[in-house]
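Numbering (the working numbering), first residue to last: 9 to 282.
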């Protein structure tokens, strides 16, 4: 354990322990202090009471990642709290654990909706689209017409002829998205979860199988996207990709029209005026 953090780790553990309600965990009896007792935390974490006591006293050496994970579960820490626990105990963040995402907060959806002329969506590390705005629906894809389990960007690019036909340079796009997807799933610790999707796409699309075997890695970053839109004609959009703060499992992608005239036409189309 980083020696300067031993005291901080001890204080953090004690603070979180005293915040827990014993009755919520089936512990009873009169108590002189709030929260769980040290031995109760040790019981919930399945570790030695002596070892846990030493950690709260700032001694005992560096805990293992497994011990820290069990303590985090025992104390019911949030993901940011678990990361902080690892930084204090080991001087590094924990290994990334991928968890499926089912939706976004109303606040994030309102952010998307405020971009009336800029198509924008939020995707998971597996590149499943979980939220989008009206501009994205009319310019990119109307995800509401697609079953949730099929709202995957790779599936759409490699399996949907209409989406393929929109792309200015589909072959270049195909290689780029596979390389960026590979980086995203590795960063999110979703290596095992991705195998099923890769097998499915490799079987259905020789193009995907070819690009996946190349093992290229790219970051999504920013750039320019050109589309041949059935109503807007040829359009050019600048795009930027961002991670969602506090939600490492989510990524925000925004496409901004390169000229005011295109922005105005997208806004009208999104409002049903074109």
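Where is the CB? At the ideal position from N, CA and C, for every residue including glycine.
Residue 202 and residue 134: beta carbons closer than 8 Å? Counting from one through the chain shown, the residue named residue 202 turns up at place 194. Counting from one through the chain shown, the residue named residue 134 turns up at place 126. Using a Cβ distance threshold of 8 Å, residue 202 and residue 134 count as a contacting pair.
For the candidate residues 148, 224, 52, whose alpha-carbon lies nearest to that of residue 180? Taking the first residue of the chain shown as 1, we reach residue 180 at position 172. Minimum Cα distance to residue 180 is reached at 224.
Got a sec? Which residues, its chain only, sit under 8 Å from residue 11 by beta carbon, not counting five neighbours each side? Here residue 11 refers to the residue found at position 3 when the chain shown is read from its first residue. Only weak support is given to the placement of residue 11: the predicted model assigns it a pLDDT of 43, under 50, and the question is left unresolved by the model.
Contact check, residue 159 vs residue 136, beta carbons under 8 Å: Along the chain shown, one-based indexing puts residue 159 at 151. Along the chain shown, one-based indexing puts residue 136 at 128. Yes.
Beta-carbon proximity list for residue 24, same chain, < 6 Å, skipping 5 on both sides: Position 16 of the chain shown, counted from the start, is the residue given in the question as residue 24. Residues 83 of the same chain have their beta carbon placed closer than 6 Å to that of residue 24, with the five preceding and five following residues left out of the count.
According to DSSP, simplified to helix, strand and coil, what is residue 91? If you number the chain shown from 1, residue 91 lands on position 83. DSSP, read as helix, strand or coil, puts residue 91 in helix.
Closest residue to residue 228 among 238, 182, 166 (Cα-Cα distance): Translated into positions along the chain shown, residue 228 becomes position 220. Residue 182 is the option with its Cα nearest to residue 228.
Inter-residue CB distance, residue 96 and residue 13 (contact presumed, cutoff 8 Å): As a position in the chain shown, residue 96 is number 88, starting the count at 1. As a position in the chain shown, residue 13 is number 5, starting the count at 1. Yes, residue 96 and residue 13 are in contact; Cβ-Cβ is about 5 Å, under 8 Å.
The segment 247-267 contacting the segment 119-131, beta-carbon criterion three pairs below 8 Å: yes
Euclidean distance between Cα positions of residue 63 and residue 18: Residue mapping note: residue 63 aligns to position 55 of the chain shown, counting from 1. Residue mapping note: residue 18 aligns to position 10 of the chain shown, counting from 1. Approximately 6 Å, taken between the alpha carbons.
Determine contact between the segment 263-278 and the segment 228-240, defined as no fewer than three beta-carbon pairs at a distance below 8 Å. As far as the Cβ criterion goes, the segment 263-278 touches the segment 228-240, which means the pair count is three or higher.
Which two residues bound the contiguous beta strand (DSSP E) that contains residue 113? Locating residue 113 in the chain shown gives position 105, counting from the first residue. No beta strand (DSSP E) contains residue 113, which DSSP labels as neither H nor E.
Does DSSP put residue 239 in a helix, a strand or coil? In the chain shown, the residue the question calls residue 239 occupies position 231. DSSP places residue 239 in coil when its eight states are reduced to three.
Helix, strand or coil: which one does DSSP assign to residue 180? On the chain shown, residue 180 is found 172 positions in, with the first residue counted as 1. Reduced to three states, the DSSP call for residue 180 is helix.
Have a look at 205, 125, 102, 220 and flag the residue whose alpha-carbon is nearest the alpha-carbon of residue 157. By 1-based counting over the chain shown, the position of residue 157 is 149. Nearest of 205, 125, 102, 220 to residue 157, Cα basis: 205.
Assign residue 270 to one of two classes, buried (16 or more other C-beta atoms within 10 Å of its C-beta) or exposed (fewer than that). Looking up residue 270 in the chain shown gives position 262. Buried, since its Cβ has 16 or more Cβ neighbours within 10 Å.
Where residue 60 and residue 44 are concerned, what is the direct C-alpha to C-alpha distance, given to the nearest angstrom? Within the chain shown, residue 60 is the residue found at index 52, counting from 1. Within the chain shown, residue 44 is the residue found at index 36, counting from 1. Each residue's alpha carbon lies about 13 Å from the other.
On the CB-based measure, 16 or more other CB atoms within 10 Å of its CB, does residue 40 come out buried or exposed? Locating residue 40 in the chain shown gives position 32, counting from the first residue. It is exposed - the Cβ of residue 40 has fewer than 16 other Cβ atoms within 10 Å.
Quick one: grab the DSSP three-state call for residue 264. By one-based count along the chain shown, residue 264 stands at place 256. Of the three classes helix, strand and coil, the one that applies to residue 264 here is strand, per DSSP.
Taking the straight line between their C-alpha atoms, what separation do you get for residue 144 and residue 126? One-based indexing of the chain shown puts residue 144 at position 136. One-based indexing of the chain shown puts residue 126 at position 118. Computed Cα separation, rounded: 7 Å.
Can you tell me which of 140, 111, 20, 251 puts its alpha carbon nearest to the alpha carbon of residue 152? Taking the chain shown and counting its residues from 1, one reaches residue 152 at position 144. If we check each option's Cα against that of residue 152, 140 comes out closest.
Is there a C-beta anywhere in chain C that falls below 8 Å from the one on residue 71? The displayed structure is made up of one protein chain only, and chain C is not part of it.
If you run the structure through DSSP and keep just helix, strand and coil, what is residue 225? The residue you call residue 225 lines up with position 217 of the chain shown. Three-state result, residue 225: coil.
Give the secondary structure of residue 220 by DSSP, where H, G and I count as helix, E and B as strand, and everything else as coil. Position 212 of the chain shown holds residue 220. DSSP places residue 220 in helix when its eight states are reduced to three.
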